[in-house]
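In UniProt numbering, the protein residues as written are 1 to 439.
If you want it as structure tokens, here you go:
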């Protein structure tokens with residue numbers, strides 16, 4: 001057996017190898033397709049929902065590590081995918097289940113990854129890997145297996161230095177424009193469903209697809225909305241032609257700083273007075289449209305178990321997250337939006353993450369617009385934040401009836417929990433995956 005020795009690891013041509021740009025090496029077994037793959041390596045803390053995770057377009061060009069050890073037990077089915085394909089660049093698990101046991105299963109996760117050509121690795125110490133990423137931050141990585149480990153001319157294993165060189169040649173996520181890669185090519189419409197199925201829509205929404213998950217327009221449709229999902233390249237004039245009651249900007253991958261055209265489009269939406277709701281990437285673009293900056297988190301938020309505090313009520317929600325960037329906005333009482341000399345009026349941070357105090361929501365007081373950084377559509381994840389879709393519907397109803405924004409988007413009162421932020425931070429234990437070092 002041909003082997004390459006590197007202390008303290010040893011690997012052979014039959015193995016799979018995970019390399020990090022800082023020199024870390026992990027040896028395991030091939031999982032899914034064999035070959036090579038590259039991307040930014042991140043970890044997700046969800047115990048369930050792996051099928052929704054790997055089909056989330058926001059994971060484009062990212063290698064995903066599952067912190068939960070047993071993956072694949074329930075196989076895959078036709079109901080849970082959030083898009084038409086697997087989007088993760090690579091997949092890392094501790095113990096891949098060899099058996100599938102679920103009444104909805106139509107196949108195994110391993111087969112699904114193979115069919116989509118997704119290179120993965122199993123059988124490695126994911127706890128060690130996640131601790132390393134938590135300490136050093138997310139970074140570029142590569143998974144190699146099968147022919148990707150072997151020199152085709154000599155039949156021997158490739159030098160380790162050449163494998164690391166491939167990893168370090170991968171573009172950084174910071175500075176990457178990716179939303180165009182995952183957006184729909186053609187517009188499509190999601191009609192009202194559930195108890196509104198077959199009825200005239202209550203409201204019409206133009207949803208800009210920056211990497212939208214399938215459940216998101218469904219959440220609006222089950223509230224009586226007709227949702228026109230449009231490509232990221234949509235013009236403002238085309239949005240006007242749809243005559244929407246509200247405009248939605250979706251989640252998506254990449255650096256929000258590399259989306260100036262989308263920020264300009266959003267400003268036109270705000271200036272036209274359309275009610276606006278954004279999530280995830282849409283929240284970051286909303287922040288930039290208002291004049292705030294965005295920045296890269298050390299290791300981001302990925303998982304379905306993240307506590308977020310509503311700063312207007314003091315209530316805490318358990319929410320689903322998938323973001324590596326955040327908005328740099330002042331946490332406190334309402335302030336004037338910086339862009340255009342305050343043309344958008346007052347805005348405040350409506351939600352914060354209790355693990356690291358990262359901004360998780362923005363809310364305007366003078367225009368009908370708000371956003372959150374996390375995923376209220378909950379696919380996968382808890383349904384604590386489903387009320388945000390109701391809020392958007394209420395905002396469209398108020399705007400249509402000529403009622404002021406304040407009837408829906410409420411300003412924090414003098415008894416607001418802002419003043420308790422410092423004590424909240426001190427009293428809230430930091431989760432092992434997310435601490436104050438994330439910024």
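Virtual Cβ for every residue (Gly too), placed ideally from N, Cα, C.
- Nearest Cα to residue 331 within the set 311, 194 and 115: 311.
- Per the DSSP secondary-structure output, residue 312 pairs with nothing in a beta bridge.
- A Cβ-Cβ separation of about 15 Å leaves residue 122 out of contact with residue 100 under the 8 Å criterion.
- Comparing alpha-carbon positions, the option among 83, 301, 96 and 268 lying closest to residue 215 turns out to be 83.
- Short of 7 Å from the beta carbon of residue 367, and not among the five residues preceding or following it, lie these beta carbons of its own chain, in chain order: 270, 344, 345 and 405.
- Counting the other CB atoms within 10 Å of its CB gives residue 387 a total below 16, which places it among the exposed residues.
- In this structure, residue 375 sits near residue 251, with a CB-CB distance shorter than 8 Å.
- The beta carbon of residue 102 sits closer than 7 Å to those of 74 and 75, all from its chain and outside the five residues before and after it, given in chain order.
- DSSP places residue 218 in the uninterrupted alpha helix (DSSP H) bounded by 215-221.
- Put simply, of 139, 148 and 140 the residue whose alpha carbon is nearest the alpha carbon of residue 30 is 148.
- Between the alpha carbons of residue 369 and residue 24 lies a gap of roughly 45 Å.
- For secondary structure counted as the beta strand (DSSP E) over 3 or more consecutive residues, the segment 367-417 holds these complete runs in sequence order: 369-372.
- The three-state secondary structure of residue 66, taken from DSSP, is strand.
- For the pair residue 385 and residue 52, the CB atoms are not nearer than the 8 Å cut-off.
- Residue 90 is bridged by DSSP to 63 and 119.
- Residue 283 sits in a helix when the DSSP states are folded into three classes.
- Nearest neighbour of residue 295 by Cα position, chosen from 145, 173 and 302, turns out to be 173.
- When the beta-carbon positions are compared, residue 80 and residue 322 stay at least 8 Å from each other.
- For residue 264, the secondary structure class from DSSP, reduced to helix, strand or coil, is helix.
- Contact check for residue 126 against residue 192 fails: the beta carbons are separated by 8 Å or more.
- Residue 238 sits close to residue 230, with the two beta carbons spaced by under 8 Å.
- In the three-state scheme derived from DSSP, where H, G and I count as helix and E and B as strand, residue 438 is classed as helix.
- DSSP lists no beta-bridge partner residue for residue 109.
- Assignment of residue 206 by DSSP, reduced to helix, strand and coil, places it in the strand class.
- In the three-state reduction of the DSSP assignment, residue 164 falls in the helix class, which pools H, G and I.
- Within a 10 Å sphere around the beta-carbon of residue 244 sit 16 or more other beta-carbons, which makes this residue buried.
- Assignment of residue 240 by DSSP, reduced to helix, strand and coil, places it in the helix class.
- The residues 157 and 158, in chain order, have a CB closer than 8 Å to that of residue 151 in the same chain once the five nearest residues on each side in sequence are set aside.
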